[in-house]
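Numbering that gives the first Met the number 0 puts the first residue of the sequence shown at 0, with every later residue one more than the last. Glycine included, C-beta positions come from ideal geometry on N, C-alpha and C. Structure first, then comments.
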Amino acid sequence: MFTYCKIDENCNIFECCDFPHQPPPGTGDCCYDQWTMDQNEVSAQLKHATARAAHKTKHYQAISEWYTILKSWRDDWESADHKADALCRNLELFIRHLRRVCKITKKTDTAIDILFCMIRDIFGLVDCLKERYDDLYKCINCLKDPALSSGGIRNCLDDYGKKLLTVTDQRDAILAKIISVMEYAYELHDGICDDYGLRNILTFWRRILNCEGPCDPLPCPPEPAHEPGVECCDLEPMMTFPIDRDPYFKELKEQCEKVKIKMNELKRESDEANEKKASLQACLDGLNTALKASGPTGRCGN
0 MFTYCKIDEN
10 CNIFECCDFP
20 HQPPPGTGDC
30 CYDQWTMDQN
40 EVSAQLKHAT
50 ARAAHKTKHY
60 QAISEWYTIL
70 KSWRDDWESA
80 DHKADALCRN
90 LELFIRHLRR
100 VCKITKKTDT
110 AIDILFCMIR
120 DIFGLVDCLK
130 ERYDDLYKCI
140 NCLKDPALSS
150 GGIRNCLDDY
160 GKKLLTVTDQ
170 RDAILAKIIS
180 VMEYAYELHD
190 GICDDYGLRN
200 ILTFWRRILN
210 CEGPCDPLPC
220 PPEPAHEPGV
230 ECCDLEPMMT
240 FPIDRDPYFK
250 ELKEQCEKVK
260 IKMNELKRES
270 DEANEKKASL
280 QACLDGLNTA
290 LKASGPTGRC
300 GN
């Protein structure tokens, strides 16, 4: 680049520059010629800086787009992880409630069994009383005692017989209801507490989701196990639970952080390249202005 020496009062144009070596050939105006050389040099530097800035900008844009994709994918996995955790908590709470319900339904089944036995025994006793009543009535009729034909004890026996008949008439309805209650109670207990009941189904899904911690992954089936004529399709990645301990998810998070660091580095390099480009552009604009103002036309003489 050029250096500047203050010219004297005679406006000697050749004294405005101080060349370390011989001045370059040109118009004879050392400043104008030096600025022309500087213009060519700065133009070349600006061309290189412009290309470098464009390259850095495109590189930064490309890795920014890749980071956006990775981050979106990572966010989806994190969202699924949060939902899986919430589902595990709800499953655990629901299973605990079902355990208590199973204890209640089990005791309810036992209580209904006892109630059924008590009702059956009561009607058995009623049948015994009816038999005794019939035997007593037959005995009275066999005696053919006019005193027993009406009034007194006969009226009491008749009232007693009516009450026994009323009880026995209700037997079928009562037994039908108690049997229906027993069926509902057993179905409720089996539907919740059986080996294939709701409690064990939820326990199965809790195990599938690994809510209590990671388990060893199941081995892939051997090739001969595949059905003939069916192409085996292995999907990747296969999500395992808990998601926050999934190897792919860990790798995804690590890759996302690495790309973020690289993106920040490229952002800094892109900003520096564009700043250098802007600086060279300003320098070139200044040189163009200086050359235009100090051209041969209107320049002061020796």
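For residue 73 and residue 271, what's the separation of their Cα atoms in angstroms? Here residue 73 refers to the residue found at position 74 of the sequence shown. Here residue 271 refers to the residue found at position 272 of the sequence shown. Cα to Cα, the separation comes out at about 31 Å.
Between residue 188 and residue 202, what straight-line distance do the alpha-carbon atoms span, to the nearest angstrom? Start at 1 with the first residue of the sequence shown, and residue 188 comes out as number 189. Start at 1 with the first residue of the sequence shown, and residue 202 comes out as number 203. Taking C-alpha positions only, residue 188 is separated from residue 202 by approximately 16 Å.
Output yes or no for whether 7 Å exceeds the beta carbon distance between residue 302 and residue 198. The displayed coordinates of the chain run from 0 to 301. Any statement about residue 302 would go beyond what the structure contains.
CA-to-CA distance, residue 172 to residue 87, given in whole angstroms: As a position in the sequence shown, residue 87 is number 88, starting the count at 1. As a position in the sequence shown, residue 172 is number 173, starting the count at 1. Residue 87 and residue 172: Cα-Cα distance of roughly 47 Å.
Can you tell me whether residue 143 is helix, strand or coil according to DSSP? Your numbering for residue 143 matches position 144 in the sequence shown. In this structure, residue 143 counts as coil in the three-state DSSP scheme.
Does residue 208 come out as helix, strand or coil in the three-state DSSP assignment? For the purposes of this step, residue 208 is taken as the residue at position 209 of the sequence shown. Residue state, collapsed to three classes: coil.
Find the nearest neighbour of residue 200 within the set 98, 75 and 122, judged by alpha-carbon distance. As a position in the sequence shown, residue 200 is number 201, starting the count at 1. Per the Cα distances, 98.
Alpha carbons only, please: which of 265, 266, 261 and 209 is nearest the one belonging to residue 242? Residue mapping note: residue 242 aligns to position 243 of the sequence shown, counting from 1. That would be 209, whose Cα lies nearest to the Cα of residue 242.
For the 8 Å Cβ check, are there 3 or more pairs between the region 63-73 and the region 284-294? No, because fewer than three Cβ pairs between the region 63-73 and the region 284-294 fall closer than 8 Å, the two stretches do not touch.
Going by beta carbon distance, what residues of the same chain come within less than 7 Å of residue 108, once the five residues before and after it are set aside? Here residue 108 is taken as the residue at index 109 of the sequence shown, counted from 1. So the list reads 184, 185 and 188, once near-sequence residues are dropped.
Does DSSP put residue 169 in a helix, in a strand, or in coil? Within the sequence shown, the letter at position 170 stands for residue 169. In the structure shown, residue 169 sits in coil (DSSP, three-state: anything other than H, G, I, E or B).
Should residue 30 be labelled buried (16 or more other beta-carbon atoms within 10 Å of its own) or exposed? Position 31 of the sequence shown holds residue 30. Looking at its Cβ environment, which holds 16 or more other Cβ atoms inside 10 Å, residue 30 is buried.
My understanding is that residue 59 touches residue 259, with C-beta atoms under 8 Å, so please give their C-beta distance in whole angstroms. On the sequence shown, residue 59 is found 60 positions in, with the first residue counted as 1. On the sequence shown, residue 259 is found 260 positions in, with the first residue counted as 1. Contact flag wrong, Cβ pair sits at about 12 Å.
Could you pull the start and end residues of the alpha helix (DSSP H) that residue 248 belongs to? Looking up residue 248 in the sequence shown gives position 249. Element bounds for residue 248: 246-292.
Measuring CA to CA, which of 141, 286 and 279 is closest to residue 45? Reading the sequence shown from its first residue, position 46 is the one you call residue 45. Cα-wise, what sits closest to residue 45 is 279.
Given residue 163 as reference, the closest of 142, 177, 127 and 179 once Cα atoms are compared: In the sequence shown, the residue the question calls residue 163 occupies position 164. Residue 127 is the option with its Cα nearest to residue 163.
With 16 other Cβ atoms within 10 Å as the buried cut-off, status of residue 149: Indexing the sequence shown from 1 puts residue 149 at position 150. By the neighbour-count rule (16 or more Cβ atoms within 10 Å), residue 149 is not buried but exposed.
Using DSSP with H/G/I as helix, E/B as strand and the rest coil, what is residue 193? Within the sequence shown, the letter at position 194 stands for residue 193. Residue 193 falls in the coil class under three-state DSSP.
Is it buried or exposed for residue 169, if we count other Cβ within 10 angstroms and need 16 for buried? Translated into the one-based positions of the sequence shown, residue 169 becomes position 170. So residue 169 ends up on the exposed side.
What number of angstroms, rounded off, separates the C-alpha of residue 131 from the C-alpha of residue 180? Residue 131 sits at position 132 when you count from the first residue of the sequence shown. Residue 180 sits at position 181 when you count from the first residue of the sequence shown. Taking the straight line joining both Cα atoms gives about 32 Å.
Going by C-alpha to C-alpha distance, which of 114, 78, 57 and 269 sits closest to residue 176? Position 177 of the sequence shown, counting from 1, holds the residue named residue 176. When each option's Cα is compared against that of residue 176, the closest is 114.
Looking at residue 248 and residue 76, is the spacing between their C-beta atoms short of 7 Å? Numbered from its first residue, the sequence shown carries residue 76 at position 77. Numbered from its first residue, the sequence shown carries residue 248 at position 249. It is a contact, given that the beta carbons lie within the stated cut-off.
Quick one: using the 10 Å Cβ neighbour count with 16 as the cut-off for buried, is residue 124 buried or exposed? As a working note, residue 124 is residue 125 in the sequence shown. Result: exposed.
Taking the alpha carbon of residue 63 as the reference point, which residue from 283, 111, 262 and 284 has its own alpha carbon closest? For the purposes of this step, residue 63 is taken as residue 64 along the sequence shown, with counting starting at 1. The candidate whose alpha carbon is nearest that of residue 63 is 262.
For residue 239, the three-state DSSP class (helix, strand or coil): Numbered from its first residue, the sequence shown carries residue 239 at position 240. If DSSP states are grouped into helix, strand and coil, residue 239 belongs with coil.
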